[in-house]
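Novice:
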Amino acid sequence: MTEIFRTFNRWYGKIVLDHPVRVLICLMILIVILGYMAKNFRIDASADTLLLENDEDLRYARQVSERYGVHDFLLVAFTPLKGDLFDNENLDTLGRLRDELQAMDWVASVLTILDVPLLESPPISYADISNELPNLKSPTVDKALATIELHESPFYRDLLVSSDMGTTAIVVNIKSDPIYTDLIAERNGYLDQKAEGGLSLQDAQRLDVVIEKIRSHQIRMNEAQHRNIAQIRSILDRYRPEAKIFLGGISMIADDMIGFIKRDLKVFGLGVFLLLVFMLGVIFKNVRWIIVPMLCCFLAVVCMMGVLGAFGWDVTVISSNFVSLQLIITLAIVVHLMVRYREFQVTRPGADHRALVQETVRSKFVPCLYAALTTIAGFASLLLCDIKPVIHFGWMMSIGILFSLTLTFLLFPSCVVLLKQPNPPTPPKYLRFSITDFLARLTVSHGTAILVVAVVLSVLTVMGIYRLKVENSFIDYFKKSTEIYQGMAVIDQQLGGTTPLDVILRFEAIDPDVDFAEEDEEFADPFDKLDEEEDPNKYWFIEDRMETIERVHDYLDGLPATGKILSLATLLKIGRRLNDGQSLDSLEMSVLYSKMPDEYKDLILSPFINFENNEVRFTLRVIDSMPSLNRNALLHKIDHDLVHQLEIEEGKARLAGMMVLYNNMLQSLFTSQIKTMGVVAMALLLMFLLLFRSVKLALIAFFPNLFSAGAVLGVMGWMNIPLDMMTITIAAISIGIAVDDTIHYIYRFREEIKSDGDYIKTLYRCHNSIGHAMYYTSVTIIIGFSILVFSNFWPTIYFGLFTSLAMLIALVAALTLLPHLLVIVKPFGVRNP
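So the sequence shown is numbered by full-length UniProt numbering: it starts at 1 and just counts up by one.
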């Protein structure tokens, strides 16, 4: 292995150091090519990026959407600033707003309290339902009765009007894109075929083509969606003087999240960049030691964006901080090279400039290479997940680390060789008292106390990790001061909840040969009485089914975490109100179904019953902002109670919808990341064995890494910060950061111990050499990333805080715990004189 590195060093000098201009030209060509590919770089915050690709529940959710015609919509919460909601002025304002929204060409329909049919204002019999049902603007409607009906209606209450009657909802149904719908249907067909038995080569190729078409079409759709959201907001802004208005809906959330990510990438990416520039200036006080490292960082990011564009990997909420991570990784490598070069300037005065650069590269390449490889091992844990964006993030960072390493070891030496040799740092200033010297003395004089504190903190860390929970909601991603949080809170708390959940209940098919005469003379052999024009579906409403549907509906409605519940039972409750409080029997339900206008069927019946499959759908929304909400526990409770409390035959009821898919994603993250940390730890231990060729050294290096990564998770546990699609990646980041410091320190310690075999003196020398590089890197990144706390997006804030915390813990552990372990174990086989 040593001979390989010697050969590499010799060829490296001939190719890079002897021809720096050629190297820079080749690098610039590569960067221009990748920079051009970066034009395909894009951000995607759609719900599809949060789903498990091979999730059976995802396949089922797609079937439910197709059967019941689930379409995208936006929700506008409208609260008048003056007077009562039902004052004529406020209703006129609501009508004008509805008309403006309806006039937009991308809107299919708009539903408000002005448009829905009223059955009790004045009351009508269920048998008198006709095609001309009145609404709130009809001249025959009694407004006082209409107000009562809207407040008490099982359908409209908490859906179109809040319980306090102060807020109403405007439902803006978005036109479906037929091209996109067809592409999605074709893709889903291939995916189902793949899951069931595999695809032929031709079908697999066609699937790849369809996926690429979907991606291209999504780009145009996202752009159109952004314009549409901006258009509707401009309309809403004109009405804000008259009402408090909030916009909600999955499309709006996705568009806003893309906006937050883009804004954070630009504003905080630039902010971090400038703070890093400032810190480099303060520490090194030389323009070249600012320009060269930041040039490496900037070009590494450009190259990575080009790679993402070339591979078609979208940046999602999960991978949105890749730019910041790329800056960290690249800057850490460059700082180690700079500090080592400046050390050689001091210790080898008068040495040839090229020789100094080559010796710097020779001494730092191996530790940087292994640090990069072990960091990749940390991010490789993300590849074990079933969520494609998480897998892409793992590949993204792995490739990014290799880019940072390669680019830095080509660009930095080439630039330094071409530039005039700088004046060496003044030894008294460079070797003056510093925090690293303080930590060295602290380690020597209080090593036992450090070990005891580490053990105590390890116990607290394990306790904190056991307190971790997998739970979060979209509303928690935003600060309470933001408009998106306030709008989601209004919809969540006043208009029936946020996160959708479906409960599908399947019944046995009706036997057409059954004799109904004993139950009801009117229903004797009903199928024999059908003529060609009669709808057989009207005989679907037999009483035992209706009783079961109402029992399930009432159970779901009674759960504290559920908001608005809609189902066929809603129609049953409306029918009861129209029938003087008496439940409708099978015959009466048949009459109601037959006379119900198609418009009303589309509103209150079709979304909740599928005659072909003999099943009904309960749609409910979960109150996302409920502090005690545990989504996984809620889903398991519903599943259990449907069978054991409501006595639904097992296999006849199934949960579906975004809440199920989101919960599956969270549980998968927990399983794939937390439970596979042991695999990653073993991989790191193996790499330490390969690097140091010593079991003692491998174990010494292993413990501080495990401690640093675990400490961050422990802090999250004690602070009750849940693991989710964003914070789960902090474990991989923490391992990567801790590994760098550990490898660089041990590698330098092994070199320095050869001088005199004195562990204590070696400890001081390492703290005042490699310790400076570790300290400079950590402080620069900690201060640079502190700017992220000013984001309105909590994942970005958490990323900044926990990255800084991981850097701090890794630095302290590497400069206290690690050297003390080296001193007491003495893995290099020499003793103090």
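Glycine is no exception: its CB is placed at the ideal position from the N, C-alpha and C atoms.
On a predicted model such as this, the values are computed, not experimentally measured, just so you know.
Residues in the same chain with beta-carbon distance under 6 Å from Pro526, minus the five sequence neighbours each way, listed in chain order, please.
Specialist: For Pro526, the predicted structure reports a pLDDT of 43, less than 50, and the residue's modelled location is therefore unreliable. The matter cannot be settled from this model.
Novice: By alpha-carbon positions, which one of Pro389, Leu111 and Thr347 ends up nearest to Ala77?
Specialist: Nearest C-alpha to Ala77: Leu111.
Novice: Within 10 Å of its beta-carbon, does Pro139 have 16 or more other beta-carbons around it, so buried, or fewer, so exposed?
Specialist: Exposed, by the Cβ-count rule.
Novice: Would you mind giving the Cβ-Cβ distance between Thr777 and Leu331, rounded to the nearest angstrom? I have them listed as a contact below 8 Å.
Specialist: About 7 Å separates the two Cβ atoms, so the contact holds.
Novice: Compute the Euclidean distance between the alpha carbons of Gly13 and Gln358, then round it to the nearest angstrom.
Specialist: Each residue's alpha carbon lies about 7 Å from the other.
Novice: Compare the C-alpha of Leu402 against each of Phe41, Ala300, Val361 and Leu501 and name the closest.
Specialist: For Leu402, the nearest C-alpha among the options comes from Ala300.
Novice: Restricting to runs no shorter than 3 residues, where is the beta strand (DSSP E) found entirely within the segment 628 to 708?
Specialist: Listed in chain order, they are 653 to 656.
Novice: Should the segment 350 to 370 be regarded as contacting the segment 434 to 449, the criterion being three or more beta carbon pairs within less than 8 Å?
Specialist: In short, these stretches do not touch, since the Cβ pair count stays below three.
Novice: Report the three-state DSSP secondary structure of Phe278 (helix, strand or coil).
Specialist: Helix.
Novice: Distance check for Asp756 and Leu382, CA to CA, integer angstroms please.
Specialist: Spanning the two alpha carbons is a distance of roughly 44 Å.
Novice: Could you tell me whether the segment 654 to 669 touches the segment 691 to 698, where touching means 3 or more Cβ pairs closer than 8 Å?
Specialist: No, the segment 654 to 669 does not touch the segment 691 to 698.
Novice: By DSSP, does Cys502 sit in helix, in strand, or in coil?
Specialist: The amino acid occupying residue 502 in the given sequence is Asp; Cys does not appear at that position. In the structure shown, Asp502 sits in a strand (DSSP, three-state: E or B).
Novice: Taking the alpha-carbon positions, what's the Leu530 to Gly198 distance?
Specialist: Low per-residue confidence applies at Leu530: pLDDT is 43, beneath 50, and the placement is therefore not dependable, though the value from the model is reported in the following sentence. C-alpha separation (whole angstroms): 44 Å.
Novice: Measure the CB-CB distance between Ile290 and Ser404 and report whether it falls below 7 Å.
Specialist: No, Cβ-Cβ distance for Ile290 and Ser404 is not below 7 Å.
Novice: How is the beta strand (DSSP E) around Asn173 delimited, first residue to last?
Specialist: Note, Asn173: beta strand (DSSP E), Thr168 to Ile174.
Novice: How big is the Cα-Cα spacing for Val32 and Glu223?
Specialist: Using only the alpha carbons, I get a separation of about 26 Å.
Novice: CB Asp624 to CB Thr499, shorter than 7 Å?
Specialist: Yes, the pair counts as a contact, with Cβ atoms nearer than the cut-off.
Novice: Within the same chain, show all residues whose beta-carbon is closer than 8 Å to that of Tyr485, passing over the 5 residues directly before and after it, in chain order.
Specialist: Hits under 8 Å: Ile475, Phe478 and Lys479.
Novice: Tell me which residues share the same chain as Ser125 and place their Cβ nearer than 7 Å to its Cβ, disregarding the 5 neighbours each side in the sequence.
Specialist: So the qualifying residues of the chain are Leu578.
Novice: Take the Cβ of Ile733 as the centre, count every other Cβ of all protein chains shown within 10 Å, and call the residue buried at 16 or more, exposed below.
Specialist: Buried: at least 16 other Cβ atoms inside 10 Å.
Novice: Closest by CA to Gly361, which one among Leu411, Val346 and Phe393?
Specialist: Per the sequence shown, residue 361 should be read as Val rather than Gly. Nearest C-alpha to Val361: Leu411.
Novice: Taking Phe507 as the reference, give the member of Ile491, Gln494 and Thr548 with the closest Cα.
Specialist: Comparing Cα-Cα distances from Phe507 to each of Ile491, Gln494 and Thr548, the minimum goes to Thr548.
Novice: Taking the CB atoms as reference points, tell me whether Cys616 and Met659 lie closer together than 7 Å.
Specialist: Note that residue 616 corresponds to Val in the displayed sequence, not to Cys. Their beta carbons are not under 7 Å apart, which means Val616 does not touch Met659 by this criterion.
Novice: So Asp105 packs on Pro122, CB below 8 Å; how close in whole Å?
Specialist: 38 Å between Cβ atoms; not a contact.
Novice: Counting along the chain, where does the alpha helix (DSSP H) carrying Pro819 start and finish?
Specialist: Taken as a continuous stretch (DSSP letters only), the alpha helix (DSSP H) holding Pro819 covers Leu818 to Val825.
Novice: Compare the C-alpha of Ala169 against each of Asp177, Val16, Arg157 and Ile179 and name the closest.
Specialist: Comparing Cα-Cα distances from Ala169 to each of Asp177, Val16, Arg157 and Ile179, the minimum goes to Arg157.
Novice: Would you call the segment 150 to 165 in contact with the segment 93 to 105, where contact means no fewer than 3 C-beta pairs closer than 8 Å?
Specialist: Segments in contact, no.
Novice: Under 7 Å between the Cβ atoms of Arg354 and Leu17?
Specialist: Yes, the Cβ-Cβ distance between Arg354 and Leu17 is below 7 Å.
Novice: Which residue or residues does DSSP assign as beta-bridge partners of Gly248?
Specialist: Partner(s): Leu75.
Novice: Helix, strand or coil for Phe474 per DSSP?
Specialist: Three-state result, Phe474: helix.
Novice: To the nearest angstrom, how far is it from the Cα of Ala569 to the Cα of His553?
Specialist: Each residue's Cα considered, the two are about 6 Å apart.
Novice: Under a three-way DSSP split, which group does Phe618 fall into?
Specialist: In the structure shown, Phe618 sits in a strand (DSSP, three-state: E or B).
Novice: Taking the DSSP output, what are the residues bridged to Ser138?
Specialist: Paired residues: none, contrary to the question.
Novice: Give the C-beta separation of Gly373 and Met774 to the nearest angstrom, bearing in mind that I take them to be a contact with Cβ-Cβ under 8 Å.
Specialist: Checking the sequence shown, residue 373 turns out to be Leu, not Gly. So it is not a contact: roughly 19 Å between Cβ atoms.
Novice: When you compare the CB positions of Tyr180 and His217, do they come within less than 7 Å of one another, or not?
Specialist: Closer than 7 Å, so yes.
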